[in-house]
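2 protein chains.
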Amino acid sequence: MKRKVTLKEIAKELDVSISTVSKSLKNSLEISEDTRQKVQAFAKLYNYKPNNIALSLKNRKTKTICVIIPEIIHHFFATVISGVEAVANENGYNVIVCLSDESFDKEVINMEMLANGSIDGFIMSLSKETQQKKDFHHIAEVINQGMPVVLFDRVTNDILCDKVIIDDNLAAYNATQFLIDKGLKKIAIISTVDYVSVGKLRTDGYRKALTNNDIKVDENIILKIEDTENFEASIENLILNNEIEALFAVNEIFAVTALKIAKKHNIKVPEDLSVIGFTDGIISKYATPSISTVSQNGIKMGGKAAKMLIERLENEEEAAEEQYKIEVIETELVERESTK
Amino acid sequence: MKRKVTLKEIAKELDVSISTVSKSLKNSLEISEDTRQKVQAFAKLYNYKPNNIALSLKNRKTKTICVIIPEIIHHFFATVISGVEAVANENGYNVIVCLSDESFDKEVINMEMLANGSIDGFIMSLSKETQQKKDFHHIAEVINQGMPVVLFDRVTNDILCDKVIIDDNLAAYNATQFLIDKGLKKIAIISTVDYVSVGKLRTDGYRKALTNNDIKVDENIILKIEDTENFEASIENLILNNEIEALFAVNEIFAVTALKIAKKHNIKVPEDLSVIGFTDGIISKYATPSISTVSQNGIKMGGKAAKMLIERLENEEEAAEEQYKIEVIETELVERESTK
DNA sequence: ATTTGCTTCGAAAACGTTTGCGTGTTGAAA
DNA sequence: TTTCAACACGCAAACGTTTTCGAAGCAAAT
Chain B
1 MKRKVTLKEI AKELDVSIST VSKSLKNSLE ISEDTRQKVQ AFAKLYNYKP
51 NNIALSLKNR KTKTICVIIP EIIHHFFATV ISGVEAVANE NGYNVIVCLS
101 DESFDKEVIN MEMLANGSID GFIMSLSKET QQKKDFHHIA EVINQGMPVV
151 LFDRVTNDIL CDKVIIDDNL AAYNATQFLI DKGLKKIAII STVDYVSVGK
201 LRTDGYRKAL TNNDIKVDEN IILKIEDTEN FEASIENLIL NNEIEALFAV
251 NEIFAVTALK IAKKHNIKVP EDLSVIGFTD GIISKYATPS ISTVSQNGIK
301 MGGKAAKMLI ERLENEEEAA EEQYKIEVIE TELVERESTK
Chain H
1 MKRKVTLKEI AKELDVSIST VSKSLKNSLE ISEDTRQKVQ AFAKLYNYKP
51 NNIALSLKNR KTKTICVIIP EIIHHFFATV ISGVEAVANE NGYNVIVCLS
101 DESFDKEVIN MEMLANGSID GFIMSLSKET QQKKDFHHIA EVINQGMPVV
151 LFDRVTNDIL CDKVIIDDNL AAYNATQFLI DKGLKKIAII STVDYVSVGK
201 LRTDGYRKAL TNNDIKVDEN IILKIEDTEN FEASIENLIL NNEIEALFAV
251 NEIFAVTALK IAKKHNIKVP EDLSVIGFTD GIISKYATPS ISTVSQNGIK
301 MGGKAAKMLI ERLENEEEAA EEQYKIEVIE TELVERESTK
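In order, the protein sequences belong to chains B and H. For the first sequence, UniProt numbering assigns the number 1 to the initial residue and increments by one for each residue that follows. For the second sequence, UniProt numbering assigns the number 1 to the initial residue and increments by one for each residue that follows.
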């Protein structure tokens, strides 16, 4: 077991000073050809690699960014990480992943833990609890200390920083309009409680589409799901008691569950019921029938967020052109088998 | 924007030495009650938090572990990360995530990049390419430098280190036996090419179960899939031309694809064809019919891996009790609708 | 008055780098 | 022989901590 070799050890071994070694390895002209070669050969032999921590301390930057997401097992968030990672790596950055588990406290702890020099900046999507409490002091504080933050997907207007989102309202509007264009009128929505920002926005878009087409919004077929564990009965109830023609679900799980319930009651999709989901994940793709959905490009979203963060990090010196940007990633309607 | 305050600044402000400040904050008895209080109050006021990087440099440990996985968008790997993260956090560790994208080179680069002081240890699952090349020098090197590594799921015998796996062979054996017990004889398997370690192990288990039950192994209904993008035709061919009664797929995607093809040709599952999958992911759960599967508890696996790594890190001083352990996580057969 | 011992604090080294600047040596020009 | 550049290298500070050791100050004991 050969331990990592340091500049000091090389210096001692070669009987020169530490600075000579350092400069030699950097090909400084200050050092004679001779010494340079000798040092470089030795360094190569012992597989010298500079210690990253020491460099971080010296440079006051870690080349590491932290992504905080509510849950990694959600396909969408996994794709975002994937996108962040790709762009980060291209630029020589590492990615630390933290999971808030939808908990405000874990979000705060994670941020405080890492904000003390461990990382250069944050990319995050707010936890449900944080959105509910509307308490963003931990984020404000970090920003105030000069550390850049990029919010994505679940964002808030209460914090000024770069953001990357999709136009949830418009996407939902388009999805609903798509159903209307098929001649469907009685269109239900399965959404989440309002404090989840995207749930509210999507519901708003749905409402607007109906209104613009002179279809009366029926509050009875607007389902807002609170408990993400136990919602089958609500959906079953919605489908069975309202003679709906179409269904817009704000996520995959809701959509596929609706499919399952339809099948159980011999309601044919898409003949008797059209279903459209949100988030183009693995479920939508592999369900039978496969689910038409609003595709939210997580990879692109993560990539964009990483790009914005890194740009801000690298341009820090050039004084804050304190203009925060909001990037909107376009969505796409993927037509599959669950709609006619 | 108030920058982070350091010991030095506090010392200067209070006109004491840096060491006095440090000791005061650590409640050292060396320092008088008076000074301690004064320093602590000041530190609190300015929200002093020690710089992690400086601590890492001093302590020669970063309290960070790196997880290298082939793909994060695979549900199983996402659950592993989740498990690692939970245990790591409990023990005050952070988690850096690296994706190899199934590429040998990316695996090497990631490891070399982080092995230079950035992290304390690795948890990893081998990329396909690495398994194919059988080149593990990068891992051996890291271990040789005294950095602990824990391999999980896709492991190799060529590297001596802690490992956490499931008994792929046994799990496949049991799944096959389960089908046999239902009176099914013509059982096909959809597997991967042999260099993917788990694919081979699962196929072996399948073979053994058949043999032990005096069922002749029919090589025609052993499908080994190479191209993970384009395999539908192969599966379709397998199902249509062999009058099979049951199907064992070594992953979710293969299983759900089989389901889809069956449906397309009006083959009823489970009446005409029983299907059993591997990995209890989101697809198996939400497919129609839902898929019986061998559940591979990723959370537990990740948690266990993290525990082993951290134990090795914290017991480093107590001399290497160089016994590497192999932990086997039990699998479970989850019965759902795709089997009678 | 001197010694002892305790309390309270500061200097400095250490972790591993990078880099500006000072300095000693050499050879050539004056 | 003296002077001066150019060259080659080392010193030391800096990044922000922790910790060992030494020392100053002072009161009590001899």
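Beta carbons: idealized from backbone N, C-alpha and C, even for Gly.
Answer yes or no: does any C-beta atom of chain B fall closer than 8 Å to that of residue i?
i	result
residue 359 of chain H	Not covered by the structure: residue 359 of chain H. The range shown for chain H is 1 to 340.
A140 of chain H	no
N315 of chain H	no
N144 of chain H	yes
A54 of chain H	yes
H137 of chain H	no
H265 of chain H	no
I261 of chain H	no
K4 of chain H	yes
Is the shortest distance between the beta-carbon of residue i and the beta-carbons of chain H less than 8 Å?
i	result
T79 of chain B	yes
M1 of chain B	yes
N51 of chain B	yes
A287 of chain B	yes
L7 of chain B	no
V250 of chain B	no
S17 of chain B	no
Pick out whichever of the options has its Cα sitting closest to the Cα of residue i.
i	options	result
C98 of chain H	B:K106, B:T79, B:L99 and B:N89	B:N89
S295 of chain H	H:P70, H:I165 and H:I143	H:I165
I244 of chain H	H:T228, H:I291 and H:G183	H:G183
K285 of chain H	B:L273, B:I299 and B:E252	B:E252
K216 of chain B	B:E226, B:I239, B:I190 and B:I180	B:I180
A258 of chain B	B:V198, B:S191 and B:L309	B:S191
Y206 of chain H	H:A188, H:F76, H:K128 and H:L114	H:A188
D158 of chain B	B:M147, B:I143 and B:L45	B:I143
T130 of chain H	H:V150, H:K200 and H:T156	H:T156
I222 of chain H	H:T64, H:N237, H:N212 and H:T228	H:N237
S274 of chain H	H:V193, H:T176 and H:E327	H:T176
K263 of chain B	H:T288, H:A262, H:V269 and H:A249	H:T288
K224 of chain H	H:L210, H:V193 and H:D214	H:V193
Indicate the three-state DSSP secondary structure (helix, strand or coil) for residue i in the structure shown.
i	result
T191 of chain B	Per the sequence shown, the amino acid found at residue 191 of chain B is Ser instead of Thr. S191 of chain B falls in the strand class under three-state DSSP.
F76 of chain B	helix
T64 of chain H	strand
N110 of chain B	helix
D162 of chain H	strand
From residue i to residue j, what does the alpha carbon distance come to, in whole angstroms?
i	j	result
I283 of chain H	A255 of chain H	9 Å
I329 of chain H	N174 of chain B	47 Å
L170 of chain B	G277 of chain B	14 Å
I68 of chain H	V39 of chain B	33 Å
residue 344 of chain H	E271 of chain H	No answer is possible for residue 344 of chain H: the residues shown for chain H start at 1 and end at 340.
R60 of chain H	A246 of chain H	56 Å
H138 of chain B	K307 of chain B	23 Å
Q145 of chain H	T203 of chain H	36 Å
I267 of chain B	L333 of chain B	24 Å
S22 of chain B	I53 of chain B	16 Å
Y195 of chain B	E102 of chain B	13 Å
E30 of chain H	K4 of chain H	27 Å
A305 of chain H	V84 of chain H	7 Å
Y324 of chain B	D162 of chain B	5 Å
T20 of chain H	M1 of chain H	27 Å
D280 of chain B	I291 of chain B	9 Å
I73 of chain H	R154 of chain B	20 Å
A78 of chain B	R336 of chain H	27 Å
M147 of chain H	F122 of chain H	8 Å
M111 of chain H	F76 of chain H	22 Å
S234 of chain H	N242 of chain H	12 Å
K134 of chain B	S197 of chain B	11 Å
I310 of chain B	I65 of chain H	23 Å
Does the Cβ of residue i lie closer than 7 Å to at least one heavy atom of the ligand GDP?
i	result
N47 of chain B	Only the bare structure without any ligand can be found here, which leaves the ligand GDP out of the picture.
By the criterion of Cβ-Cβ separation under 8 Å, what are the contact partners of residue i in chain H?
i	result
E85 of chain B	I72, V97, C98 and L99
N94 of chain B	I96, C98, M113, L114 and S118
Since residue i meets chain H, which of its residues come closer than 9 Å, beta carbon to beta carbon?
i	result
S125 of chain B	Simply none; closest approach about 15 Å.
Please compile the residues from chain H whose C-beta is within a distance smaller than 7 Å of the C-beta of residue i.
i	result
L149 of chain B	It should be noted that the sequence gives Val, not Leu, for residue 149 of chain B. Near V149 of chain B there are no residues of chain H at all, since even the closest Cβ is about 13 Å away, more than 7 Å.
S82 of chain B	I72, I73 and L99
Residues of chain B with CB under 7 Å from residue i, in chain order?
i	result
V256 of chain H	Y286
Along chain B, in chain order, which residues have C-beta atoms closer than 8 Å to that of residue i?
i	result
T62 of chain H	I53
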